[in-house]
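Letter by letter, the sequence shown follows residues 1 to 379 of the numbering used here.
Report on one structure; see the data block that follows.
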Amino acid sequence: MDLYLRTNTWNFYLIVFGAIILLLPVYLSNRLAHNLASREKTNVELFIRTLEESNRAATTEEDFTYVLDMQTALAKEIHVVTLNDNDVYQFWNYGEHPDSAAIIHRVTQSNNFIETQVYPRIYYEYPEIITLIRYLPWIQLLLLLSYAAIGYFVFNLSRREEQNRVWVGMAKETAHQLGTPISGMIGWIEQLKAGNQSELSKEEIIHYIEQDITKLEQVSDRFSKIGSRSVLEPCSALSMLAEAEAYIRPRASKRIKFDFPVATASDHLVMANRNLISWVLENVLRNALDAMEGQGTITARLEASSNKVLILISDTGSGIPPGKFQTIFLPGYSTKSRGWGLGLSLARRIIENYHGGKIYVRESTPSVKTTFVIELNKA
């Protein structure tokens, strides 16, 4: 419940912050447009003043050259339509052949006019740049929201598709993990039913059943830890590699060679959940077997630094294209027609999310060498 509450709270803050970012340019542009409009109106008022002074000059002998110069300069910057007492319109800064009817209709509808003693009404229009400044941020906002909506839809679609692949993969992985011990137990039960006709003693059959039960418990423990907080403890990297080799060797072709560290090799302790790391090693080794198609060599080595232990697993299989070094860890990605593409994705999640380590492809040359590296923290 606390997780969902925190998520909703953060979502609310992100929405508010996003709204501020989106609306801030709109506010600033409208403020700029308002300031430009105020300056434009001031220029119109100055122009009107020059018109009044020009009319007064006709009845006096004063020199109004500077007034005419100012009037000419202002007339180049503003759009003004004057209406005199005889209902005659005069156009300023509208070009040589203005569309009089359209301009008159537009300015009279805009309600931007000033009344003076000389002219009953003087209409003025703001430059197009002010209109653009005022509306462009709204257009940008609309485009950004449309882009965000499309992006959100595509992201959700992609996420749902990935979730579906994960669910399908998990279901298949569960069936695969459970299938082997369950099939074994069914076989041993048939052996028990055979009684004296069985080639194995009752004690041997019970021993094998116990092994399958242990495997089922291991599978249950693995899946129960997915999504929960992992408990790490010092584990021997050498012994985990030996257990992985013991698991994979019976499932490999006789033409597959294994070059793993011997029991007397230098060992390193790592902070790990033994059961989960075994799962990772099994997945990497199964991929190595699939890549070699029944013939080749699997090599395992240990390297250590001051705070890291590296488990290197190499095979002589078909290799991985350089552009696919990251893609192979995505849920659902598989080069096998019947694969479900979850093994390496689960491996990365276990290593990175639960152990704070890394898993990656160091190198790959087809039929020569492909090396996976698992980095774990030293105990």
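Note that CB positions come from ideal geometry on N, CA and C, so glycine has one too.
Fully enclosed beta strand (DSSP E) runs of no fewer than 3 residues occupy 121 to 125 of the region 115 to 143, in order along the chain. By the C-beta criterion, the region 249 to 265 is judged to be in contact with the region 282 to 297, since at least 3 inter-stretch pairs fall below 8 Å.
In chain order, Val-361 place their CB closer than 6 Å to the CB of Phe-325, counting only its own chain and leaving out the 5 sequence neighbours on each side. In the DSSP secondary-structure assignment, Ala-75 is not bridged to any residue. Boundaries of the alpha helix (DSSP H) around Asp-221: 202 to 225. When secondary structure is reduced to three states using DSSP, Asp-259 falls in the strand class. DSSP places Val-309 in the uninterrupted beta strand (DSSP E) bounded by 308 to 315. Only buried fits Asp-315, as 16 or more other CB atoms lie within 10 angstroms of its CB. In this structure, Gln-218 keeps its C-beta atom at 9 Å or more from the C-beta atom of Gly-184. DSSP places Asn-35 within a helical segment (H, G or I) once states are collapsed to three.
The C-alpha of Ser-29 lies about 12 Å from the C-alpha of Leu-141. Note that the C-beta distance between Leu-269 and Pro-234 is below 9 Å.
Where Ile-359 is concerned, the enclosing beta strand (DSSP E) starts and stops at 358 to 365.
Here Ser-345 is buried, its C-beta having at least 16 other C-beta atoms within 10 Å. Bridge pairing for Ile-298: Phe-258 and Asp-315 [DSSP]. By DSSP's assignment, Asn-377 forms a beta bridge with Lys-308. Taking C-alpha positions only, Leu-74 is separated from Leu-68 by approximately 10 Å. Between Ile-213 and Pro-261, the CB-CB gap reaches or exceeds 9 Å. Residue nearest to Ser-367 within the set Ile-351, Ile-320 and Gly-357 is Ile-320 (criterion: CA-CA distance). Approximately 7 Å separates the beta-carbon atoms of Ile-311 and Leu-241; this is inside 8 Å, confirming the contact.
Separation of Arg-249 and Phe-258 (C-alpha to C-alpha, rounded to the nearest whole angstrom) is 8 Å.
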